[in-house]
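Below: the structure, in structure tokens.
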DNA sequence: ATTGATGCAAAAAATTTGCATCTGG
DNA sequence: CCAGATGCAAATTTTTTGCATCAAT
């Protein structure tokens, strides 16, 4: 585990302690796995990652879902609805918020951050009498790689 | 049916004809119902609306889903993921695009349109090599009505 | 010791699909 | 007529829950 994910794990631990939640073996494994990748992952993906790191793990998918929920509430991970299949998660702690562009054909996901938009989201919510808690901007379209016929994501998706 | 929804129905009909899709009784009923309201509705809501207008209708929920899919592809309706329960639909034909602010506690949904953001979405997608097809910005938070303790949506949701 | 967390299996919820039948063009 | 649309039921898929047991504090 690199120094960065060690720090992140510590932050999660501290949060659990503060919130009166227990720090258990399964939670340790789930958090370690979640912070070990910088890709998007489903709950099932995460379980596979856990099993790769520790073939003898007893962690169950239900526990993964339960823990992801807690992590999401604590702003350590964020879920993304992709309209097709399971929700994708990514760890967010220590990262700047970003929005997503999703290819409807190949599933490729790109990220971007736009400070102007962030400010306007905040303002829009405020103007309507809302306290913004979280926000999700997804742009769906098609990527040029796919249109040009040399998109590696497309083949990967067909195989999967 | 007012003149506006008649026009909208005609546009849908024309689209179906152009696309080589058949104009059937169930589709007529589904489209009429979808354009008869300016609220968000689930597939099931729409079926109830159809049954209210015509108690003897034989339209089936599966057909509602199938037709909503066609309508969405034709940009006549738009689906909204609300993280809790079913997808909400609204007819969009002839309406300016808008984004949504959703109260996580009471379910209230407000809409807004921000031209600057629209332009930046478009640009973000282009810069990343995507052709934007659709986009969905959802801001989740809490509304002041609820915080102030006089939110009608909250009670409505508890009852429902 | 207590109370929360976990594994497991089973339920739940929402949407999709297979198929025989019907129907619009 | 014939391809596409529909009703119906059954399947699918993903996530959640009940409950007995286990373990952290």
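Chains as they are written, first to last, in our numbering: chain A, 1 to 160; chain B, 161 to 320. For glycine and all other residues, C-beta sits at the position ideal for the given N, C-alpha and C.
Subject >> Cβ-based neighbour list, residue 299/B, same chain, cut-off 8 Å, excluding 5 preceding and 5 following >> reply: Reading the second chain from its first residue, position 139 is the one you call residue 299/B. Cβ within range, chain order: 259, 260, 261 and 262.
**OP:** Could you please give me the residues that DSSP links to residue 132/A through a beta bridge?
**Re:** By 1-based counting over the first chain, the position of residue 132/A is 132. Partner(s): 301/B.
Subject >> Minimum C-alpha distance to residue 123/A - residue among 202/B, 273/B and 218/B >> reply: The sequence position of residue 123/A within the first chain is 123, counting from 1. Considering only alpha carbons, the answer is 273/B.
Subject >> Same chain, Cβ closer than 8 Å to residue 213/B, five either side skipped, listed in chain order >> reply: On the second chain, position 53 is the one that residue 213/B refers to. Taken in chain order, the residues that qualify are 189, 192, 193 and 196.
Original post:
Which bits of chain A does residue 292/B rub up against, with CB to CB less than 7 Å?
Top reply: Within the second chain, residue 292/B is the residue found at index 132, counting from 1. Near residue 292/B (Cβ distances below 7 Å), the residues of chain A are 139 and 141.
**OP:** State the Cα-Cα distance for the pair residue 44/A and residue 79/A, rounded to the nearest angstrom.
**Re:** Residue numbering aside, residue 44/A sits at position 44 when the first chain is read from its first letter. Residue numbering aside, residue 79/A sits at position 79 when the first chain is read from its first letter. Spanning the two alpha carbons is a distance of roughly 14 Å.
Subject >> residue 168/B classed as buried or exposed, judged by whether at least 16 other C-beta atoms fall within 10 angstroms >> reply: Position 8 of the second chain holds residue 168/B. Its Cβ being crowded by 16 or more others within 10 Å, residue 168/B is buried.
Subject >> Residue interval of the beta strand (DSSP E) (run including residue 77/A) >> reply: Counting from one through the first chain, the residue named residue 77/A turns up at place 77. Segment 77-80, the beta strand (DSSP E) holding residue 77/A.
Subject >> Continuous beta strand (DSSP E) stretch holding residue 100/A: start and end >> reply: The residue labelled residue 100/A in the question sits at position 100 within the first chain. Per DSSP, residue 100/A belongs to the beta strand (DSSP E) from 99-103.
Original post:
Can you tell me whether residue 10/A is buried or exposed, with buried defined as 16 or more other CB within 10 angstroms of its CB?
Top reply: As a position in the first chain, residue 10/A is number 10, starting the count at 1. Looking at its Cβ environment, which holds fewer than 16 other Cβ atoms inside 10 Å, residue 10/A is exposed.
Subject >> Element boundaries [alpha helix (DSSP H), containing residue 228/B] >> reply: Position 68 of the second chain holds residue 228/B. Note, residue 228/B: alpha helix (DSSP H), 221-233.
Original post:
Given that residue 264/B touches chain A, what residues does it touch there, using C-beta distances under 9 Å?
Top reply: In the second chain, the residue the question calls residue 264/B occupies position 104. Within 9 Å Cβ-Cβ: 133 and 134.
Subject >> Exposure of residue 84/A, with buried meaning 16 or more beta-carbon neighbours within 10 Å >> reply: To locate residue 84/A, count along the first chain from 1; it is residue 84. Residue 84/A is exposed by the Cβ-count criterion.
**OP:** Measure from the alpha carbon of residue 222/B to the alpha carbon of each residue in 241/B, 235/B, 234/B and 202/B, then state which is nearest.
**Re:** Within the second chain, the letter at position 62 stands for residue 222/B. Comparing Cα-Cα distances from residue 222/B to each of 241/B, 235/B, 234/B and 202/B, the minimum goes to 202/B.
Subject >> Nearest-angstrom beta carbon gap, residue 128/A and residue 270/B [assumed within contact, 8 Å] >> reply: To locate residue 270/B, count along the second chain from 1; it is residue 110. To locate residue 128/A, count along the first chain from 1; it is residue 128. Rounded, the Cβ-Cβ distance is 5 Å, consistent with contact.
**OP:** Establish whether the CB of residue 121/A and some CB of chain B are separated by less than 8 Å.
**Re:** Taking the first chain and counting its residues from 1, one reaches residue 121/A at position 121. So, interface residue.
**OP:** Within 10 angstroms of the Cβ of residue 319/B, are there 16 or more other Cβ atoms? Answer buried if so, exposed if not.
**Re:** By one-based count along the second chain, residue 319/B stands at place 159. At residue 319/B the pLDDT is 45, less than 50, meaning the model places this residue with poor confidence; the figure from the coordinates comes in the next sentence. The residue in question, residue 319/B, is exposed, as its Cβ has fewer than 16 Cβ neighbours within 10 Å.
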